[in-house]
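Start counting the sequence shown at 1; every next residue gets the next number (the working numbering). Using N, Cα and C, we set each Cβ at its ideal position, and we do this for glycine too. What follows is a single structure, written as structure tokens, with notes after it.
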Amino acid sequence: MNVSVVVPVYRSEQTLGVLVERLGQVLPAFADAYEVVLVNDGSPDHSWRLIQDLVRDYKWVRGICMMRNYGQHNATLCGVRAAQYEITVTMDQDLQHPPEEIPLLLAKLEEGYDVVYGAPRKLPQGFWRNLMTAGIKWILAKVIGLPAVHNVSAFRAFRTSLREAFVNFQSPALILDVLLSWGTTRFTSVPVHIVQAGRTNYNFTMLIRTAMLILIGYSTLPLRFASWIGFVMTLFGLGVFVYVLTIYFTAGSLPGFPFLASIIALFSGAQLFALGIFGEYLARMFDRSMDRPPYVVQEVAGK
């Protein structure tokens, strides 16, 4: 088995050397040929200098430096497109994903699956972060339509040939797991040990942006939701109309201004909500119409 390990790098000069050293101890045990592709995602520290040193020290390490910071999924996509071997493994840089757990992913992959995720036996983050992450995974599973995606993570192994399904993809807003679903439905997961990271580059704002990207960038569910809101508001309006007629013919008077103002505010809010959803979709269409690339490579180190 030949394996390419792709690692997006951002602010990791403290952990990257240890990660490569551990990979060098683990990979020869199960891979006939292997490589580690380190993609510097515009890191402001000295990560790229460290990557260049690692390339000189280890012949099986390659480095890619991007022009600026594009995001974890974009950097991972860059490494996936540069991978040379038939199996690709992606993992984080901060030692949260132990290299010693890679054989578990590969063993599951050999059972006939195309994508295998490393699902944590115990969630490594705090309660609210785990809750938010679980919500994003649920949204992603609904968009892709695969129950196994509930265990999605950045620690994954898949067949490199899947990249042919998105070889022409050109957009700066991307979710790699959605792109992989364009090439296969054979997803699964395997329990692995995930280490508590000392610091994460993801905050709640980035998690919310990821959820919005999944929903609006790759799904029509929000549009359908807006349609249902319009339908419900229409039924509610008919009910209010019947109520007003009933009051008029029984009491001889109509409800006052507060009642009318509350109804107007309710319908205006529903209309603005629906317009906001339409605006988000138009913004995504506009963004993609500019044909911006998902990343731009500045420098490559190693062969």
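Residues that DSSP places opposite residue i in a beta bridge
i, result
"N2", "A33"
"V20", "BP columns for V20 are empty, so no partner."
"A157", "V89 and V116"
"R62", "V37"
"V190", "G118"
Spatial distance of residue i from residue j (CA atoms)
i, j, result
"D308", "M67", "Outside the shown range of the chain (1 to 303) lies residue 308, about which nothing can therefore be said."
"F241", "V116", "55 Å"
"L223", "A154", "29 Å"
"V80", "N40", "13 Å"
"V300", "R49", "12 Å"
"P8", "T184", "24 Å"
"L23", "E280", "42 Å"
"F169", "L54", "31 Å"
"A283", "I263", "30 Å"
"G237", "A265", "12 Å"
"L105", "F273", "43 Å"
"H73", "K303", "23 Å"
"R56", "N151", "37 Å"
"V195", "G230", "46 Å"
"G118", "Q84", "22 Å"
"L77", "V244", "59 Å"
"S268", "G239", "17 Å"
"Q298", "P120", "35 Å"
"P44", "S289", "30 Å"
Where residue i falls: helix, strand or coil (DSSP)
i, result
"F169", "coil"
"V242", "helix"
"N69", "coil"
"Q298", "strand"
"P8", "strand"
"A83", "coil"
"R292", "coil"
"I175", "coil"
"E164", "helix"
"E280", "helix"
"G237", "helix"
"V26", "helix"
"L95", "coil"
"W182", "coil"
"T15", "coil"
"V195", "coil"
"V152", "coil"
"G42", "coil"
Endpoints, alpha helix (DSSP H) assigned at residue i
i, result
"I51", "S47 to D57"
"P103", "I102 to L109"
### Message
So, does the region 55-65 touch the region 105-115, judging by three or more C-beta pairs under 8 Å?
### Response
no
### Query
Per the contact definition of three or more C-beta pairs closer than 8 Å, is the region 95-109 in contact with the region 13-28?
yes
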